[in-house]
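First to last, the protein sequences are chains A and B. This note's numbering puts the first sequence at residues 20 to 153. This note's numbering puts the second sequence at residues 20 to 153. All residues carry an ideal CB built from backbone N, CA and C; glycine is no exception. These figures come from a predicted structure and were not determined experimentally.
There are 2 protein chains.
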Amino acid sequence: MKQGLLTDRQKEVLRYRKTGLTQQQVADIIQTSKANVCTIEKAAYENIERAKETLEFLYTLDSEHLCTIKSGTDLIDAATLIFQDAEKLGIKVKYNTLELINRIHDSNPSRFRARYVREDVEVYINREGDLFFG
Amino acid sequence: MKQGLLTDRQKEVLRYRKTGLTQQQVADIIQTSKANVCTIEKAAYENIERAKETLEFLYTLDSEHLCTIKSGTDLIDAATLIFQDAEKLGIKVKYNTLELINRIHDSNPSRFRARYVREDVEVYINREGDLFFG
DNA sequence: TACACCTTAAACACTTCTCTTTAACATTGC
DNA sequence: GCAATGTTAAAGAGAAGTGTTTAAGGTGTA
């Protein structure tokens with residue numbers, strides 16, 4: 020079984036690139052074309068994305084769906100909604116309003132503009148009162 | 020491109036199993052053998068491991084290993100330990116104790132129960148004092 | 001012992017990923 | 001313009017992962 024998602028080739032490229040080398044320089048070192056370095060690097064980042072998505076799924080696995088924050092909602096109203104729905108389930112949310120709003124926003128900043136939600140956000144909660152946003 | 024590392028089949032099995040069903044019951048529902056459910060479930064957990072290893076690699080790419088927080092440690096003691104070890108390396112941690120505890124906890128809430136660590140957590144630090152937990 | 005539950009190994013068809021080359025296109029800075 | 005950097009698409013060979021069956025081996029418990 021492969022260790023991690025990244026191949027040796029992909030790690031090699033990422034390490035060299037991290038030191039500041041250009042794709043061409045890396046290509047010269049590992050004896051291939053710069054186009055290939057680009058492809059390998061891209062595949063590596065796609066794998067990293069997939070790894071993140073996988074762990075997100077894990078979080079939602081021991082959580083249950085709490086509510087959906089509809090597009091256009093004000094973040095402050097969203098927080099109120101979350102507290103209400105959590106209370107219905109008898110779960111105490113681990114965060115206060117300010118922390119909660121920051122957490123929602125940080126989960127994927129591009130989904131918000133100013134205080135407003137731009138696209139539906141699914142909210143999950145576990146028994147400890149942790150929240151996840153999908 | 021597949022979304023995440025897990026196949027639909029693997030997620031399906033994990034979800035059913037999470038509800039408490041036996042492998043045989045899941046097998047009946049998804050119309051296959053219990054041996055196959057076992058195989059799929061195992062593959063799913065291997066994929067989850069690989070996802071974790073992948074992100075660990077990412078952290079280590081521009082960070083170095085700082086310490087390991089042992090299972091059973093109190094989060095407050097963990098924070099103290101981190102500050103001490105960072106000082107040994109001559110690196111100033113970017114966070115105060117409260118922020119630090121929140122960051123550790125948020126890195127993967129399921130690894131904690133109340134103030135205690137449920138499984139070992141690897142801690143990485145970079146020259147800017149950013150912390151990562153694997 | 002018998003039963004329910006879980007795990008493992010081998011084998012197979014099938015699909016997907018990986019690395020590679022080649023050739024073209026986009027962006028930036030001189 | 002042109003040189004350097006990075007990106008993309010198409011195509012192919014080889015490698016790796018997936019779901020499946022069958023058959024055997026564990027573990028725990030009534």
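(Q) Any beta carbon of chain A sitting closer than 8 Å to that of Lys113/B? (A) no
Q | Contact list for Glu147/A against chain B, beta-carbon separation under 9 Å | A | Pro128, Ser129, Phe131, Arg132, Ala133
Q. The beta strand (DSSP E) spanning Tyr143/B covers which residue range?
A. 140-144
Q) Do you know offhand how far Ala133/A's Cα is from Ala97/B's? A) 36 Å
**Q.** Separation of Asp93/B from Phe152/B, as counted between CA atoms
**A.** 16 Å
Q. Roughly how many angstroms separate the alpha carbons of Glu60/A and Lys107/A, rounded to a whole number?
A. 47 Å
Q. Taking Cβ positions only, does Thr51/A come closer than 8 Å to chain B?
A. no
Q: Please report how far the alpha carbon of Tyr78/A lies from the alpha carbon of Ser129/B, in whole angstroms.
A: 8 Å
Q: Would you verify that the beta carbon of Ile144/B is, or is not, closer than 8 Å to some beta carbon of chain A?
A: no
Q.
Would you call the segment 59-75 of chain A in contact with the segment 22-40 of chain B, where contact means no fewer than 3 C-beta pairs closer than 8 Å?
A. yes
Q: Specify, as a first and last residue, the run of the alpha helix (DSSP H) that Leu33/B falls within.
A: 27-37
Q) Terminal residues of the continuous alpha helix (DSSP H) containing Ile59/B? A) 53-81
**Q.** Range of the contiguous alpha helix (DSSP H) that encloses Leu100/B
**A.** 94-107
Q. What residues from the segment 54-73 of chain B come within 8 Å of chain A, judged by C-beta to C-beta, listed N to C?
A. Glu65, Asn66, Ile67, Arg69, Ala70, Lys71, Glu72, Thr73
Q: Could you name the residues of chain A that Asp81/B contacts, counting a contact when the two beta carbons are closer than 8 Å?
A: Lys37
**Q.** Inter-residue Cα distance where the pair is Ala63/B and Phe102/A
**A.** 33 Å
(Q) Pairs of beta-carbons, one from the segment 47-56 of chain A and one from the segment 104-122 of chain A, closer than 8 Å: are there three or more? (A) no
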